[in-house]
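From first to last, the protein sequence lines stand for chains C and R. Using my numbering, you'd call the opening residue of the first sequence number 214 and step up by one each time. Using my numbering, you'd call the opening residue of the second sequence number 613 and step up by one each time. Ideal placement from N, C-alpha and C gives every residue a C-beta, glycine not left out. See structure below.
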Amino acid sequence: MGPLPGRFPIATVTVPRPLIAPSIAARPVPPGVRRQRFLVGVANHAVLIAVSVFFVAPLVFVVLAALMTDRQSLGQSVWPHPFHWSNFTRVFHLVPLVHYTLNTLTIAGLSTLGTVLSCVPVAYALSRMRWRGRNAAFLLVLATYMLPFQVTVVPLYIIFVRLHWIGSFKPLIIPSFFGDAFSIFLLRQFFMTIPEELSDAARVDGGSELQILTRVIVPLAKPAIVAVALFNFLYNWNDLFAPLLFLGENRKLWTLTIALSQFQGLHHVDWNLMMAASVLFMLPVIVLFFLAQRAFIEGVTLTGTKG
Amino acid sequence: MAVPASVQMAAGPGVGLPRVDPETRRRMRRRVKRRRYAMVLLFMSPWIVGFLVFLLYPMLSSLYFSFTKYDLLKSPQWAGLFNYRFMFTKDPQFWQAMKNTLWIIAVGVPTRIVFAIFTAALLARRRRSIGVYRTVYFLPSMAPAVAATLGFVYLLNPATGPVNRFLGLLHLPKPLWFFDPMWSKPGLVLLGLWGVGDAMIIFLAGLLNVPAQLYEAADVEGARGWQKFRFITLPMISPVIFFSLVIGVIDGFQYFTQAYVAAAAISGPGQINFVGSPQGSTMFYSVYLFSQGFQEFHMGYASAMAWVLFAVTMICTVVLIRLSRRWVHYQGGFR
Numbered sequence: 214m215g216p217l218p219g220r221f222p223i224a225t226v227t228v229p230r231p232l233i234a235p236s237i238a239a240r241p242v243p244p245g246v247r248r249q250r251f252l253v254g255v256a257n258h259a260v261l262i263a264v265s266v267f268f269v270a271p272l273v274f275v276v277l278a279a280l281m282t283d284r285q286s287l288g289q290s291v292w293p294h295p296f297h298w299s300n301f302t303r304v305f306h307l308v309p310l311v312h313y314t315l316n317t318l319t320i321a322g323l324s325t326l327g328t329v330l331s332c333v334p335v336a337y338a339l340s341r342m343r344w345r346g347r348n349a350a351f352l353l354v355l356a357t358y359m360l361p362f363q364v365t366v367v368p369l370y371i372i373f374v375r376l377h378w379i380g381s382f383k384p385l386i387i388p389s390f391f392g393d394a395f396s397i398f399l400l401r402q403f404f405m406t407i408p409e410e411l412s413d414a415a416r417v418d419g420g421s422e423l424q425i426l427t428r429v430i431v432p433l434a435k436p437a438i439v440a441v442a443l444f445n446f447l448y449n450w451n452d453l454f455a456p457l458l459f460l461g462e463n464r465k466l467w468t469l470t471i472a473l474s475q476f477q478g479l480h481h482v483d484w485n486l487m488m489a490a491s492v493l494f495m496l497p498v499i500v501l502f503f504l505a506q507r508a509f510i511e512g513v514t515l516t517g518t519k520g
Numbered sequence: 613m614a615v616p617a618s619v620q621m622a623a624g625p626g627v628g629l630p631r632v633d634p635e636t637r638r639r640m641r642r643r644v645k646r647r648r649y650a651m652v653l654l655f656m657s658p659w660i661v662g663f664l665v666f667l668l669y670p671m672l673s674s675l676y677f678s679f680t681k682y683d684l685l686k687s688p689q690w691a692g693l694f695n696y697r698f699m700f701t702k703d704p705q706f707w708q709a710m711k712n713t714l715w716i717i718a719v720g721v722p723t724r725i726v727f728a729i730f731t732a733a734l735l736a737r738r739r740r741s742i743g744v745y746r747t748v749y750f751l752p753s754m755a756p757a758v759a760a761t762l763g764f765v766y767l768l769n770p771a772t773g774p775v776n777r778f779l780g781l782l783h784l785p786k787p788l789w790f791f792d793p794m795w796s797k798p799g800l801v802l803l804g805l806w807g808v809g810d811a812m813i814i815f816l817a818g819l820l821n822v823p824a825q826l827y828e829a830a831d832v833e834g835a836r837g838w839q840k841f842r843f844i845t846l847p848m849i850s851p852v853i854f855f856s857l858v859i860g861v862i863d864g865f866q867y868f869t870q871a872y873v874a875a876a877a878i879s880g881p882g883q884i885n886f887v888g889s890p891q892g893s894t895m896f897y898s899v900y901l902f903s904q905g906f907q908e909f910h911m912g913y914a915s916a917m918a919w920v921l922f923a924v925t926m927i928c929t930v931v932l933i934r935l936s937r938r939w940v941h942y943q944g945g946f947r
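Put into structure tokens, the structure is as follows:
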């Protein structure tokens, strides 16, 4: 630990803890200090709650708007009166929401499957096998993560046009079976933390690399694989750019994101229905988050980003 | 593994290891190595194919397209530097998109980082009941961008939105937000602050990693709260700030979904050319690239724009890395 930068170098050596005799430690805190502590505590809590309002209020107002009647949503009111729950069913009649949900689930599910199947062996080779050029290959994988999608998107579009894949799910699913830099990175980081002795023991017992991967590494790396699957599923569930590009005008294939983004332009509906659709779209994500909160927060902390 | 027949066991007593003649041993080793490399190749193959087909080839052909005129109907026609020259000298929309993008980066990224540090510091100060607050602060960042944007267009809508009603109660000026070219980008910045959770989590991890002895030592020296923050906390989390800056700049140049959805939501029905509404104020770099490439089918021009995007991103990243040596403090003196 070097000296801290700045004008006043504060202590650069660790000061040994002063020995506190039990009698001194147990001495009652003077009332002035206690009052100050109490006030600081109250102030802290007040700020925490104020910030919470900033985060929660938008969600509350959106849900309230989703429950308003048509007339109400055009007016100034904030509180729905009466609660118009039927908005949530009306949305289904207005837009083929079930159909779009199935489309989105198909795309997100299959491409998540593809990503996991293709990235696990690659991450294994990049972390648990010894070969020349391994580090260079890993750097190349990371470099591809830095490349903006925009750089490859025009030729990809042209390739997919030539293959007659535009207007089908294929451009959104098939590429994910060929690795994804972020997922490889996340899995590789996790595989690196598994003790080498475990695979060595399996090798001594005559296990092949494939057996070590499937019987030793995958069971141990379940949290990381779950995180990768979650991130990929959500990425696809939320993505607008790629579906907008590749599904084109074929409305039968639309995902929920396209449907929502075109909602106003196509139906010119009132806020209540638009918010009802948004809430329905958000709901599975929120539920998923509460089910797997730890996986999310640990994944973000491990890699520094949400993918 | 099968032992080759040519391996001769040592005959004499006292020798514990099989004696193999050097030639056989070399051949064995080569074979094992070849097998291992075959396995590596097999495991790496998904990525290798993906890299060649979905990355390297598209990258090279996009570079080629950037020097051509290409509308998908006719084959690409060589145009030299025309696209680039047109972009820099004759296309006001390009410069508008560039300016909008730099605006959202210059304003949006720092405010988001400051807010992330602020919220993370709030959480890090409390030892108990941090869980509930952490969930509440993090949750909005999980909201899908499309839904969150639609929500904010409603919240900020000038006539009936709750935000302007609230501002009206306080007798404050009521901006037209997404309907006003002056206020559409601030609206998007607000949306970004609402979803600050993922950045906050990284800062929270960074703050909790600052060794407590440092603060204790500072207490002994009589440092005040602000001094402790300035001379201990900030240097200790400077790597996280640096990381968020780089990611923020990279993401900023690819800012698309929120701008696209907000523009679509405020445009009336039947509008096709809504991107950038109102009045081009949400025409960001990636939005303009999308509209040039996939609405106008100017594939050559879109490719040129993509390469300029790549170059600008790279330059910004390198500049940030260069500058970081002055202020980013890595533990253990590693720079």
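Opposite residue i in the DSSP bridges: which residues?
i: R:Q689; result: R:K681
So with Cβ pairs under 7 Å, would you call residue i a contact of chain C?
i: R:P670; result: yes
i: R:A914; result: yes
i: R:I813; result: yes
i: R:M640; result: no
i: R:A736; result: no
i: R:P704; result: no
i: R:T723; result: no
i: R:W659; result: yes
i: R:F694; result: no
i: R:P890; result: no
i: R:Y942; result: no
Using a Cβ-Cβ cut-off of 7 Å (strictly less than) and excluding sequence neighbours within five positions of residue i, which residues of its own chain qualify?
i: C:S286; result: A278, D483, W484 and N485
i: R:G692; result: F679
i: C:P436; result: A508
i: R:I742; result: L735
i: R:Y897; result: A709, M710, T713, F865 and L921
Closest Cβ-Cβ distance between residue i and chain R: below 7 Å?
i: C:S340; result: no
i: C:W467; result: no
i: C:V498; result: yes
i: C:I430; result: no
i: C:V246; result: no
i: C:Q402; result: no
i: C:N559; result: With chain C represented from 214 up to 520, any question about residue 559 of chain C goes unanswered, as that position is not in the structure.
i: C:M281; result: no
i: C:T470; result: yes
i: C:S412; result: no
i: C:Q285; result: no
i: C:A234; result: Residue placement at C:A234 cannot be trusted, given a pLDDT of 47 that sits under 50; the coordinates are not used to answer.
i: C:G392; result: yes
Excluding five sequence neighbours on each side, which residues of the same chain lie with their C-beta closer than 6 Å to the C-beta of residue i?
i: C:G380; result: G461 and N463
i: C:F446; result: A321 and T325
Residues of chain C with a CB under 9 Å from the CB of residue i: which are they?
i: R:R648; result: M342, R343, W344 and E422
For residue i, return the contacting residues in chain C, with the cut-off set at a CB-CB distance below 7 Å.
i: R:S673; result: P368
i: R:V748; result: S265, F268 and V269
i: R:S898; result: Q363
Give the interface partners of residue i over in chain C, defined as CB-CB distance under 8 Å, in chain order.
i: R:Q866; result: P361, F362 and Q363
i: R:W806; result: F267, F268 and P271
i: R:A824; result: Here the premise fails: no neighbours, minimum Cβ distance about 11 Å.
i: R:W919; result: V364
Within its chain, find whatever has a CB closer than 8 Å to the CB of residue i; leave out the 5 residues flanking it on each side and keep chain order.
i: R:G864; result: T713, I716, I717, G720 and V721
i: C:V291; result: F274 and L277
i: C:Y188; result: The displayed coordinates of chain C run from 214 to 520. Any statement about residue 188 of chain C would go beyond what the structure contains.
i: R:W919; result: S674, L675 and S678
List, in chain order, every chain R residue whose beta-carbon is nearer than 9 Å to that of residue i.
i: C:L473; result: P756, V758, A759, L762 and V873
i: C:S381; result: The contacting residues do not exist; C:S381 stays about 17 Å from chain R at best.
i: C:Q289; result: A771, T772 and R777
What does residue i reach in chain R if we use C-beta pairs closer than 8 Å?
i: C:T357; result: F663 and L667
i: C:S331; result: P658, W659 and G662
i: C:Q506; result: T747
i: C:W298; result: Near C:W298 there are no residues of chain R at all, since even the closest Cβ is about 19 Å away, more than 8 Å.
Below 7 Å on C-beta distance, what does residue i contact in chain R?
i: C:M495; result: A755, P756 and A759
Query raised in the report: Fully enclosed by the region 458-489 of chain C, which beta strand (DSSP E) runs are 3 residues long or longer?
Result: Entirely contained in the region 458-489 of chain C, not one beta strand (DSSP E) run reaches 3 residues.
**Report entry** Uninterrupted alpha helix (DSSP H) stretches inside the region 279-320 of chain C (no shorter than 4 residues)
**Finding:** 283-287 and 300-307
Query raised in the report: Where in the region 346-372 of chain C do unbroken runs of the alpha helix (DSSP H), each at least 4 residues long, occur, reported from the N-terminal end onward?
Result: 347-359
Query raised in the report: Taking the runs of the alpha helix (DSSP H) that are 4 residues or longer, which of them lie wholly in the region 800-877 of chain R?
Result: 809-820, 824-832, 837-840 and 846-865
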